[in-house]
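So in the working numbering, the last spot in the sequence shown is 109, and the numbers never skip. Even glycine gets a Cβ: it sits at the ideal position worked out from N, Cα and C. Quick notes on the structure that follows.
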Amino acid sequence: MLEINPQTVVHVIFLAREGSVGSTELHAFIDGLNDDEKAQLTAVAWVGRGAFEPEDFDEAVATATSEATTPTSDYLIGMPHLAENLEAGLDALGVDVAGEEEDFL
């Protein structure tokens, strides 16, 4: 199911929370991910905002891969409530990131 490292998702959450301060770093970080990680990150956000159910995660990844028409960083940074969507997506997928969050505090 979830192949992207949860710490990677948590890093994006923390950068997204920094707003314009972390925007350049967030862009660079997402751009540095491979295509599979970008699709998984997008799918986590989609699950978090309710566009897909957790059990449809693989379908969300496939959709993110096939429908990627803009750079993933532009798409995700333009998504309202990105950090909250990613958190909700991880939660819905049953991924506990308590340990990863401590690494950023």
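query: Quick one, which of P58, G93, G98, I81 has its alpha-carbon nearest T28's?; result: I81
query: Can you give the Cα-Cα distance for T46 and G26, rounded to whole angstroms?; result: 19 Å
query: Please determine, among K42, I8, V99, the residue with the shortest C-alpha to C-alpha distance to D78.; result: K42
query: Measuring alpha carbon to alpha carbon, tell me which of D95, V101, L86, A102 ends up nearest E22.; result: L86
query: Measuring straight from C-alpha to C-alpha, what distance separates F56 and Q44?; result: 13 Å
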